[in-house]
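Below is one structure, written out as C-alpha cells, with a few remarks after it.
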C-alpha cells in the first residue's frame, strides 16, 4: 500500500470540506543521484558538512522530506559571501540517469552590504524519481540576494523544494522561478522578514500540461517594521494539469507600517484543468497594508482577436498569449543559454 | 479604381441584440471613407464585423473583399487578404517586443521571411516618420505605453503591414493635437491609389491631412446619409439631430 503524506499544509486551516488545507501525496523513490555542478569564484562555496536548520521550527513542504534533505543530502554546499562582496553562483542539477534520487542542500550566508546572485538550473533526462532541493538564505543587514531558478526536469520526475529566508535590516531579496518540467512540483517558501525595512519580491511562472501538478506554498511573515513583500505566481494550465497556490501574508504584532501583496494569475487553456488559489491574510498589527488578488480565467478573447487581426492563426495567437505571459519572467533570468532552453521548453509545451 | 470592399445589407448582432440593421457600403481602391455617428450607432461594430470579430454575429447580408465573399472567413484570413484594423483600445502583449511582433506579423501575412537588417531599417524609418522613439521597438508591445503611443503603434503596424484596406476605429480619440496631426500625416503617407482607408471618428481633426471622398452618417445601425467632405463640417456645426429624425 502506498504511503500517503501531507504536503504544503496551510498555517491556519480553513473548512475541511473545501479539501484545500494541504495536499496529499507520497515521496517518489529513485535510484541515482543527479550530477550537481557548482560554478563560482574560489572560496565562496564549500562543502556543507553537518548543519542544523537555520530556523529550528522550519516546517518545509513535508516533514519527512525536509528531514531527509537536511541530514542525508546527496549534494550539500555552503555559500558564504563576505561583507561588502558581490558574488555569482550557478548550481546545475542534472538528473542524467533514468531514475533520479537527488537531495541538494544549499546554505547561503550573505554578509552585510553584500550581493549574491544564485542561479539554479534543474534539468536532465530522468523520467522517474525525485529531486529535492533545500535552500536556506541568511540575508544580513543591507544584503541584496537574488535567487533565480529554471526547472526543466523530465516529465516523470517529482520535485520537492523547501526554501527558508531570514531577512535582517534593510536586506532585499528577489526570487524568480520558472517552473516548466517535472511531473509533480511541490514548492514551499517560508520568508521571515525580521529586520526593519526588509524587502521581498518573488515572481514564479509555471506552465502545466498533461497530468502535471504544481503545488505552491508561500508564507511571508512580516515581523520587522516597514517590511515589504510582493509575490506573484502566474502561469497557464492545459490538458489535465493542476495548480494549487497557498499564499499567506502574516503580519505579526510589531510589524508597523509593513506592506504585503500577493497575486495569483492562472490561464486555463482546457476544460479539465484545475486551479486552486488560497490567498490568506493573517494580521495582528493595525498599521499595515495587505493586498491579495487571484484570477483564473480562459483566454482573453479581445487579445485573441487583436492577434488574429495581425494575421496569426488561432493556434499561433494562443501560443503568443501564453509565451507573452511567461516571457517577462524568463527574460529576467539573465543567462542567455538558460533563457533559450526555457523558451524552447515553453514552445514545445504549447 | 477597382472595387475593394462591398458590404451588402449587413445585419450584425452582439449577444442577440441587433446593432447593424442593413448596411450597404462600397469602397474602391484609392478612396478614403469616413463614418461618423452618435455614440452607440454601430460604427465600431461595422469595423469589427468587416474584420471578423467573432463577438459580432453577421445575421444577414454579406461582405465581399477583393472579389471574394469573406463573410465566413476567419479573422487571420481576412488580415492575410489585406484588411487591417487599428483598434480603439490597443491591447498590450508583455513579453513580445514591438519589433519582433510586427516582423512576425509581416512574415505571417506576406508569407515571406523578413530579413532582420532590412526590416530593422524599415521599422526605424517608419518610426521616425511618426516621431516615435525608436527605442520603443525593443519594448514589449504597448506595455506601459501611453494612449498616444499605443495609437502610434497601430499606425506603425499599418504602415509596415501595408494592407489594401485600413480601418481606423477612433484612432484619434484621446490624442492631443500634435499626436492627431502625426497620425493624420501617417495615414496620408500610407494612402495611395492602390489601397483604401475607412476612418471611424467623432472629429474632423484626423482629417486635417486627408481628404475624404465619402462621408457616411451612421445612426442607430443604418447609414442615413452619404455625402462628400463638406458633411464633416456640417456635423461639427449642427450635430446629428437632423439625421436622427431620418431613422
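Residue numbers (the working numbering), protein chains in the order written: chain R, 72 to 421; chain E, -4 to 242.
Ideal placement from N, C-alpha and C gives every residue a C-beta, glycine not left out.
The structure displayed is predicted, hence computed values, not measured ones.
C-beta neighbour in chain B for residue i, strict 9 Å
i	result
residue 378/R	The chain inventory of the structure shown lacks chain B, comprising the protein chains R and E.
Candidates the options, of which the one nearest residue i by Cα
i	options	result
residue 217/E	3/E, 226/E and 197/E	3/E
residue 346/R	274/R, 329/R, 315/R and 375/R	315/R
residue 101/E	145/E, 89/E and 157/E	157/E
residue 169/R	200/R, 144/R and 143/R	200/R
residue 172/R	384/R, 136/R and 338/R	136/R
residue 55/E	107/E, 22/E and 11/E	11/E
residue 266/R	298/R, 282/R, 386/R and 257/R	298/R
residue 420/R	272/R, 352/R, 253/R and 154/R	253/R
residue 80/R	93/R, 209/R, 160/R and 358/R	93/R
residue 226/R	202/R, 240/R, 234/R and 247/R	202/R
residue 251/R	145/R, 285/R, 268/R and 130/R	285/R
residue 184/E	69/E, 141/E, 153/E and 71/E	153/E
residue 218/R	306/R, 124/R, 205/R and 75/R	205/R
residue 87/E	352/R, 117/R and 399/R	399/R
residue 392/R	75/E, 17/E and 89/E	89/E
Where the alpha helix (DSSP H) through residue i begins and ends
i	result
residue 96/E	93 to 105
residue 230/E	225 to 233
residue 46/E	38 to 46
residue 396/R	385 to 401
residue 114/E	111 to 124
residue 361/R	Here residue 361/R belongs to no alpha helix (DSSP H); instead the beta strand (DSSP E) covers 359 to 368.
residue 138/R	134 to 142
residue 155/E	142 to 156
residue 408/R	407 to 420
Partner residues on chain R for residue i, Cβ-Cβ distance less than 7 Å
i	result
residue 192/E	Result: empty, since nearest Cβ-Cβ is about 16 Å, beyond 7 Å.
residue 82/E	377
residue 46/E	380
Beta-carbon contacts of residue i that lie in its chain and below 6 Å, excluding the five residues immediately before and after
i	result
residue 365/R	335, 348 and 350
residue 64/E	57
residue 309/R	280, 340 and 341
residue 288/R	79, 259 and 317
residue 147/R	119 and 176
residue 409/R	192 and 221
residue 375/R	388
residue 229/E	none
Cross-chain neighbours of residue i in chain E, by beta carbon under 7 Å
i	result
residue 372/R	50
residue 384/R	71
Where residue i meets chain R, residues with beta-carbon distance less than 8 Å
i	result
residue 70/E	376, 379 and 380
residue 91/E	391, 394, 395 and 398
Interface partners of residue i on chain E, CB under 9 Å
i	result
residue 86/R	Under the 9 Å cutoff, chain E gives no residues; its nearest Cβ is about 36 Å from residue 86/R.
Residue i, enclosing beta strand (DSSP E) - first and last residue
i	result
residue 72/E	Counting along the chain, residue 72/E falls outside any beta strand (DSSP E), though it belongs to the alpha helix (DSSP H) covering 70 to 76.
residue 52/E	52 to 60
residue 318/R	313 to 322
residue 47/R	As shown, chain R starts at 72 and ends at 421. That puts residue 47/R outside it, with no answer to give.
residue 229/R	229 to 238
residue 307/R	299 to 308
residue 375/R	Where residue 375/R is concerned, there is no enclosing beta strand (DSSP E), although the alpha helix (DSSP H) it sits in stretches over 372 to 379.
residue 245/R	243 to 250
residue 191/R	186 to 194
residue 181/E	Note, residue 181/E: premise wrong, no beta strand (DSSP E); alpha helix (DSSP H) at 172 to 185.
Residues of its chain near residue i, where Cβ-Cβ distance is below 8 Å and the 5 sequence neighbours each way are ignored
i	result
residue 206/E	27 and 224
residue 394/R	414, 417, 418 and 421
residue 302/R	271, 272, 273, 274, 275, 289, 291, 318, 332, 333 and 334
residue 251/E	This structure cannot speak to residue 251/E, because chain E is shown only from -4 to 242.
residue 296/R	267, 268, 325, 326, 327, 328 and 329
residue 245/E	Residue 245/E lies beyond the residue range present for chain E, which begins at -4 and ends at 242; the question has no answer from this structure.
residue 143/R	174
residue 82/R	290, 319, 321, 351 and 353
residue 172/E	200
Contacting residues, own chain, Cβ-Cβ under 7 Å from residue i (five flanking each side not counted)
i	result
residue 37/E	14, 15, 213 and 216
residue 406/R	190
Proximal residues of chain R, C-beta to C-beta of residue i below 9 Å
i	result
residue 88/E	374, 377, 378, 391, 392 and 395
residue 100/E	378, 381, 382 and 383
residue 74/E	379, 380, 381, 382 and 383
residue 103/E	381, 382, 383, 384 and 387
Any non-hydrogen atom of the ligand MN closer than 8 Å to residue i Cβ
i	result
residue 295/R	In terms of ligand content, the structure shown is empty, and the ligand MN therefore cannot be addressed.
Exercise for the section: Would you be able to state if there are at least three C-beta pairs under 8 Å between the region 90 to 100 of chain E and the region 119 to 134 of chain E? Expected result: Flag = yes, the region 119 to 134 of chain E and the region 90 to 100 of chain E touch.
Practice task
Please determine if the region 172 to 187 of chain R and the region 212 to 219 of chain R are in contact, where contact requires at least 3 C-beta pairs separated by less than 8 Å.
Solution key: Enough Cβ pairs lie closer than 8 Å, so yes.
Problem - Inter-stretch contact at 8 Å, needing at least 3 Cβ pairs: the region 51 to 62 of chain E / the region 367 to 383 of chain R - result: No contact exists between the region 51 to 62 of chain E and the region 367 to 383 of chain R.
Handout entry: Meets three-Cβ-pair contact criterion under 8 Å: the region 78 to 89 of chain E and the region 107 to 126 of chain E
Key = Result no; under three Cβ-Cβ pairs closer than 8 Å.
Practice task
Please determine if the region 106 to 113 of chain R and the region 153 to 166 of chain R are in contact, where contact requires at least 3 C-beta pairs separated by less than 8 Å.
Solution key: Touching, yes, given that three or more Cβ pairs across the two stretches are closer than 8 Å.
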